[in-house]
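Okay, structure first, notes after.
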Amino acid sequence: MAQLWGGRFTKETDKLVYDFNASIGFDKRLFRQDIEGSMSHAEMLAKQGILTETEKDAITAGLEEILKDVEKGTLEISEKYEDIHSFVEAVLTERIGEAGKKLHTGRSRNDQVALDMRLYTRQRIVETAGLLEELLAVIIETMEENLETYMPGFTHLQKAQPTTLAHHYGAYFEMFKRDRLRMTDIYERMNYCPLGAGALAGTTYPLDREYVAQLLKFAGPTLNSMDSVSDRDYLIEFLAALSTIMMHLSRFSEEIIIWNSNEYQFVEIDDAYSTGSSIMPQKKNPDIAELVRGKTGRVYGSLMSLLTTMKGIPLAYNKDMQEDKEVSFDAMDTVADCLTLFIGMLRTLKFKKERMAESAMNGFTNATDAADYLVRKGVPFRDAHGIIGQLVLYCIEKNTSIDKLSLEELKGISDMFEEDVFDAVSLKTCVEKRLTIGAPGSESMKKTLQIYKSDLNNFRIESISFKS
Ligand code: ARG
Numbered sequence: 174m175a176q177l178w179g180g181r182f183t184k185e186t187d188k189l190v191y192d193f194n195a196s197i198g199f200d201k202r203l204f205r206q207d208i209e210g211s212m213s214h215a216e217m218l219a220k221q222g223i224l225t226e227t228e229k230d231a232i233t234a235g236l237e238e239i240l241k242d243v244e245k246g247t248l249e250i251s252e253k254y255e256d257i258h259s260f261v262e263a264v265l266t267e268r269i270g271e272a273g274k275k276l277h278t279g280r281s282r283n284d285q286v287a288l289d290m291r292l293y294t295r296q297r298i299v300e301t302a303g304l305l306e307e308l309l310a311v312i313i314e315t316m317e318e319n320l321e322t323y324m325p326g327f328t329h330l331q332k333a334q335p336t337t338l339a340h341h342y343g344a345y346f347e348m349f350k351r352d353r354l355r356m357t358d359i360y361e362r363m364n365y366c367p368l369g370a371g372a373l374a375g376t377t378y379p380l381d382r383e384y385v386a387q388l389l390k391f392a393g394p395t396l397n398s399m400d401s402v403s404d405r406d407y408l409i410e411f412l413a414a415l416s417t418i419m420m421h422l423s424r425f426s427e428e429i430i431i432w433n434s435n436e437y438q439f440v441e442i443d444d445a446y447s448t449g450s451s452i453m454p455q456k457k458n459p460d461i462a463e464l465v466r467g468k469t470g471r472v473y474g475s476l477m478s479l480l481t482t483m484k485g486i487p488l489a490y491n492k493d494m495q496e497d498k499e500v501s502f503d504a505m506d507t508v509a510d511c512l513t514l515f516i517g518m519l520r521t522l523k524f525k526k527e528r529m530a531e532s533a534m535n536g537f538t539n540a541t542d543a544a545d546y547l548v549r550k551g552v553p554f555r556d557a558h559g560i561i562g563q564l565v566l567y568c569i570e571k572n573t574s575i576d577k578l579s580l581e582e583l584k585g586i587s588d589m590f591e592e593d594v595f596d597a598v599s600l601k602t603c604v605e606k607r608l609t610i611g612a613p614g615s616e617s618m619k620k621t622l623q624i625y626k627s628d629l630n631n632f633r634i635e636s637i638s639f640k641s
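Numbering-wise, the sequence shown is residues 174 to 641 according to our numbering.
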């Protein structure tokens, strides 16, 4: 047991209490951020004359060494320390002596951990944004190649109207675009530096908080020291955005699973992204899509967990907040893995275009267009709806489709039908005539695609250069 306090205590901490309290097991992943934060703090303390230049130089060199040694693996983050902050400070003091003990001047672990977690989360927000951009790029590529790949569009999982694969993928472009924009929003709202808030009420040392914020590439310092050490909203926002990404990935996964089923056979998942069965040799299972769908619950769980942790905490810092880490790390890791694998799976997904078009042709997906045809001939829409309903019934009885009927058969139901009906209800016409903004007709889709491409070029998170 090695801890940063003890002066007022007359007894050793109970071993079970110590272990229960310790966070090193999971906050050790913050070592880079902890060191980076400490370096900036020391730099500022020296600028303000609180540390001498010599002390600051010793601290900086010592911290740099620790960072290198941890990265090389020659210094192990030992679990005998309570948390990552204690570990870094103890090793530093062990290595450089007295100056090491001065590093914590004007700082509390409360603002220190608030800083570490923000630095870490900021980096994960940028990383998530990058993965979303990769995903959007793959979606655009598939869209470009499939402007005329016809497929059925569904409502209630029943064939409704024909559309194209580009159009279907475009819906996901929209979803992941919003997810990407959320990253910028969250980033901008959380990019303020809490260091200098102290335990809760600031400090009497003349700290230059603006300067530290600048060194760490924040937009500025936070403005209320109590809020600085007790705010975890930015994590909640990020977890909510990660949950939304998972919800989108899960819907997409569900569709891929359906498209990959024996009954649909719209797609073939690459061998590298499927798995076999230990007993049924014919099986090729969409496990990645299923796992992504499955892991969604776990990310939602993280959000619920943190919301619940935070709901009853009086100001300012309370130890409950230590619980923010494991669930957040788990969600961040899960989403990064899911996005990475999903991108790979999409890149290698093969579409069975003939099968998709064939499926779009049966199932009366052209019934709306047949009704619209009659409307153009002067039949009121409500009557046309009834006539086409009868026509569909007729086709079901004869086990055929509208476009396969003879003109005579059609006229038997309504004499408004003419030879031009066949063109009007063809799959190509049904899709290509849909040219309103947002519709699947390829001339309309081409314009939308141009907008999507410029969206992709315009996403920006103000560039930040991490020391780590
Ligand atoms: N491990 C703690 C956390 O994650 C660090 C802050 C400790 N502060 C304190 N007053 N005990 O929240």
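Ideal Cβ positions, reconstructed from N, Cα and C, are used throughout, including at glycine.
A distance below 6 Å between beta-carbons, with the five flanking residues on each side excluded, links ASN283 to the following residues of its chain, in chain order: ALA372, VAL402, TYR490.
For ARG205, the number of other beta carbons within 10 angstroms of its own is at least 16, and it is reported as buried.
Judged by beta-carbon spacing, PRO325 lies beyond the 7 Å limit of THR513, meaning their Cβ atoms are not closer than that value.
Membership of TYR437 in any alpha helix (DSSP H) is not indicated, and neither H nor E is assigned to it by DSSP. As the crow flies, the alpha-carbon of MET618 is around 7 Å from that of GLY611.
Distance between GLU318 and ALA339, taken at the CA atoms: about 8 Å. For the region 334-379, the full-length alpha helix (DSSP H) segments reaching 4 residues or more read 338-363 along the chain. Judged by the Cβ position, ARG405 fails to qualify as a neighbour of the ligand ARG at the 6 Å threshold, every heavy atom of the ligand being at least this far.
In the three-state reduction of the DSSP assignment, LYS253 falls in the coil class.
Residues of the same chain with a CB within less than 6 Å of the CB of ALA386, apart from the 5 flanking positions on each side, are CYS366, GLY393, PRO394 in chain order.
For GLY474, the enclosing alpha helix (DSSP H) covers residues 460-483.
Between the region 346-359 and the region 245-260, the count of C-beta pairs closer than 8 Å stays below three; the two stretches do not touch.
The C-alpha of VAL190 lies about 29 Å from the C-alpha of THR294. Where PHE515 is concerned, there is no enclosing beta strand (DSSP E), although the alpha helix (DSSP H) around it starts and stops at 497-521. Between ASP256 and ILE208, the C-beta spacing is not below 7 Å. A Cβ-Cβ distance of about 31 Å is found for the pair MET363 and TYR342, leaving them out of contact under the 8 Å criterion. The three-state reading of DSSP puts LYS525 in coil, since its state is none of H, G, I, E or B. Just so you know, the alpha carbons of ALA462 and GLU499 end up roughly 25 Å apart.
Classified as exposed, SER434 has fewer than 16 neighbouring CB atoms from the shown chains inside 10 Å of its CB. Remark: C-beta atoms of PHE515 and VAL465 approach each other more closely than 7 Å. Taking the Cβ of ASN283 as the reference point, at least one heavy atom of the ligand ARG falls within a distance shorter than 6 Å. The residue from LEU479, SER447, GLU271 with its alpha-carbon nearest to that of GLU228 is GLU271.
For ARG520, the closest alpha carbon among the candidates ASP493, MET453, HIS329, ALA310 is that of ALA310. In chain order, GLY343, ILE610, GLY611 place their CB closer than 8 Å to the CB of THR621, counting only its own chain and leaving out the 5 sequence neighbours on each side. Around the beta carbon of ASP187, a 10 Å sphere encloses fewer than 16 other beta carbons of the protein chains shown; the residue is thus reported as exposed.
About 45 Å separates the CB atoms of LEU415 and ALA543; that is not less than 8 Å, and the two are not in contact. The residues ALA462, VAL465, ARG466, in chain order, have a CB closer than 6 Å to that of SER426 in the same chain once the five nearest residues on each side in sequence are set aside. By the C-beta criterion, the region 575-595 is judged not to be in contact with the region 273-288, since fewer than 3 inter-stretch pairs fall below 8 Å.
Residue nearest to MET212 within the set LYS201, GLU238, HIS329, ASP200 is GLU238 (criterion: CA-CA distance).
By the neighbour-count criterion, in which 16 or more other beta carbons inside 10 Å mark a residue as buried, ILE430 falls on the buried side. Note that the C-beta distance between ILE223 and LEU276 is not below 7 Å. For the options LEU629, TYR546, GLY551, SER579, the alpha carbon positioned closest to that of VAL598 is the one of TYR546.
For the 7 Å CB-CB criterion, LEU422 and CYS511 form a contact. Cα atoms of GLY235 and ALA215: separation of roughly 12 Å, rounded to the nearest angstrom. Collapsing the DSSP output to three states places LYS332 in a strand.
For TYR490, there is no enclosing alpha helix (DSSP H), since its DSSP letter is neither H nor E.
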